[in-house]
Ligand SMILES: Nc1ncnc2c1ncn2[C@@H]1O[C@H](COP(=O)(O)OP(=O)(O)OP(=O)(O)O)[C@@H](O)[C@H]1O
Ligand SMILES: [Mg+2]
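In full-length UniProt numbering, the protein residues as written are 1 to 257.
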């Protein structure tokens, strides 16, 4: 697993307002899940859209030393707000999504592969249901399946857990962790739940006002200082009786926001 994603001097503006400011991230390794954290409006979705090639940006993003912009087929992206659903069954939508793969080549998936993916997400019972008749969380799970079926080298998920119950949140993160390792993907996930980042992610990037505030292992980066500096809260990270780290928020830090 030698592949890696690197970001050099990436900037994004909306009109005259710069939202991502000359961002440098030397190496996001294949096989690792990176949590992209930061307050509302800090630029997480903008950064993900720029990486997906959906937002004009300046700078240099490389996958395995080659410009990512020349390897768009290697990237799968799940937006924060899902587009309106078409009247297609879940199964059909995965067949269609599976055809959009690397270099625009069509890669056929057989029924069994699609069914196995649905099973791995715990949603095989939805296979013949229509997208426009699903609940919010079910629709989000299908969105994750649509990204995975494309077998990308780079998987970008913007708040993929926001509509999921506790069981599916854990299930999805567990699956993403295993699949990221097995397939050697570079996976970047926008999260607001820092406990999920602590438990399931290999690495954390913290953004504030479009600039990188921290980059490192979750339990090194998430601490009372970064909680105060980045989120403006007084908080602690404590380990439970099973040794798992948890964030506890005690209050708002005065002077910020
Ligand atoms: N299409 C747009 N045009 C102009 N400004 C935008 C646009 N989209 C986002 N912004 C602004 O850019 C900044 C970053 O927005 P972005 O959506 O990247 O934040 P975010 O970190 O994803 O926030 P959230 O956690 O609320 O999803 C915000 O100030 C936002 O208002
Ligand atoms: Mg966002």
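Even for Gly, the Cβ is constructed at its ideal location relative to N, Cα and C.
Measure the CB-CB distance between residue i and residue j and report whether it falls below 8 Å.
i	j	result
residue 227	residue 43	no
residue 22	residue 11	yes
residue 250	residue 237	no
residue 121	residue 149	no
residue 37	residue 205	yes
residue 189	residue 35	yes
residue 27	residue 50	no
residue 195	residue 246	yes
residue 126	residue 138	yes
residue 252	residue 232	yes
residue 156	residue 52	yes
residue 80	residue 58	no
residue 181	residue 41	no
Tell me the DSSP secondary structure of residue i in three-state form.
i	result
residue 81	coil
residue 40	coil
residue 183	helix
residue 139	helix
residue 102	Bear in mind that a pLDDT of 48 at residue 102, under 50, signals an unreliable position, so the model cannot answer this.
residue 159	coil
residue 152	coil
residue 109	coil
residue 144	helix
residue 3	coil
residue 232	coil
residue 89	strand
residue 134	coil
residue 164	coil
residue 57	coil
residue 199	helix
With distance defined between alpha-carbon atoms, name the residue in the options nearest to residue i.
i	options	result
residue 217	69, 33, 136, 114	33
residue 159	72, 48, 252	48
residue 171	31, 141, 191, 220	141
residue 173	119, 197, 62, 14	197
residue 133	143, 88, 155	88
residue 62	29, 113, 220	29
residue 161	151, 78, 235	78
residue 84	167, 135, 178	135
residue 8	16, 194, 24, 20	24
residue 54	175, 64, 76	76
residue 92	146, 65, 60, 70	146
residue 191	124, 178, 169	169
residue 56	214, 18, 66	18
residue 124	131, 152, 90, 109	90
residue 244	219, 64, 69, 86	219
Taking the DSSP output, what are the residues bridged to residue i?
i	result
residue 213	None, per the DSSP bridge assignment.
residue 246	238
residue 33	187
residue 20	12
residue 66	63
residue 251	234
residue 75	154
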